[in-house]
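The opening residue of the sequence shown carries number 145 in the numbering used here; numbering runs sequentially from there.
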Amino acid sequence: MRLYINIDHVATIREARRTDEPDPIAAAALCEAAGADGITVHLREDRRHIQDNDVRRLRQSVRTALNLELSQSEEIVAIAEEVRPDQATLVPERREEITTEGGLDCRRHADRIAAVLHRLKTKGIRTSLFITPDAESVVAALELRPDAVELHTGRWAHEWRGGGAAALAELREACERAHQAGVAVHAGHGLTRDNVGPVAALPHCEELNIGHSIVSRAVFVGLAEAVREMRERIDRARVTA
Ligand code: PXP
């Protein structure tokens with residue numbers, strides 16, 4: 145199971161003062177040294193955390209894999225084509241949202257998403273579509289033939305304290321459907337040390353993208369330790385699965 149760390153909120157702290165610390169590039173190197181398999185950033189249209197120059201510097205510095213989350217806005221897609229991250233994850237984006245709230249609507253925006261996927265693939269970039277795990281969304285995404293789908297784990301993050309059986313069953317079914325279509329499965333959103341286990345144990349899921357809870361935990365134990373703790377929880381869940 146690959147663990148990709150989303151370092152957006154390191155940049156959020158920097159942007160709170162519009163200064164030069166903490167530097168997400170240094171944070172990425174620390175995460176990699178602590179066992180991250182990749183670094184994820186979301187270049188939002190409003191540039192509320194990660195900036196264009198961060199993405200360019202990360203392209204130079206990241207030694208594992210750089211996963212760029214992006215909307216389908218022309219400006220952002222053009223930056224992705226220029227920077228060429230190892231992986232690009234298409235996400236829906238609304239300016240007023242606090243974080244990415246749902247998954248892509250791959251039916252309604254099929255033509256635009258297909259066009260962007262084609263452009264990214266032409267540049268040799270591995271592609272992923274961030275979707276909610278309900279059957280309709282999964283089927284619509286698979287028809288667009290991305291390299292991977294990233295399943296939105298928000299429902300699980302909401303419901304796990306009450307058992308979350310239905311949310312987990314939905315995720316499991318989505319994994320199976322994607323796997324049978326020959327499309328890789330990633331997952332993420334709202335995952336914490338306490339709820340990551342059952343998601344890490346999902347069959348066919350090969351990558352987790354985790355951000356907010358790791359950066360939050362880093363305030364108390366440091367970034368490297370926060371990454372190691374998450375890595376350990378994931379590995380333990382895989383062994384007992
Ligand atoms: N995956 C995607 C596609 C996301 O948009 C986000 C949030 O930026 C994450 C994973 C990480 O979510 P969290 O910060 O809640 O761990």
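We put the beta carbon where it would ideally sit given N, CA and C, even for glycine. None of these values were measured; they are calculated from a predicted model.
Measuring CB to CB, does Val329 end up less than 9 Å from Ala292? yes
Report yes if the C-beta distance between Leu352 and Tyr148 is below 9 Å; otherwise report no. yes
Per DSSP, cross-strand counterpart(s) of Gly144: This structure gives no information on residue 144, because the portion of the chain shown stretches from 145 to 385.
Comparing C-alpha positions only, which one of Val206, Glu189 and Gly247 sits nearest to Ala173? Val206
Per DSSP, what kind of secondary structure is Val293 in: helix, strand or coil? strand
Any heavy atom of the ligand PXP closer than 8 Å to the CB of Glu351? no
With a threshold of 8 Å, establish whether the CB of Ser357 neighbours any heavy atom of the ligand PXP. yes
For Glu225 and Gly306, what's the separation of their Cα atoms in angstroms? 43 Å
With hydrogens ignored, establish whether the beta-carbon of Glu213 is closer than 8 Å to any heavy atom of the ligand PXP. yes
Out of Asp379, Ala385 and Ala362, which one is the CA nearest neighbour of Asn150? Ala362
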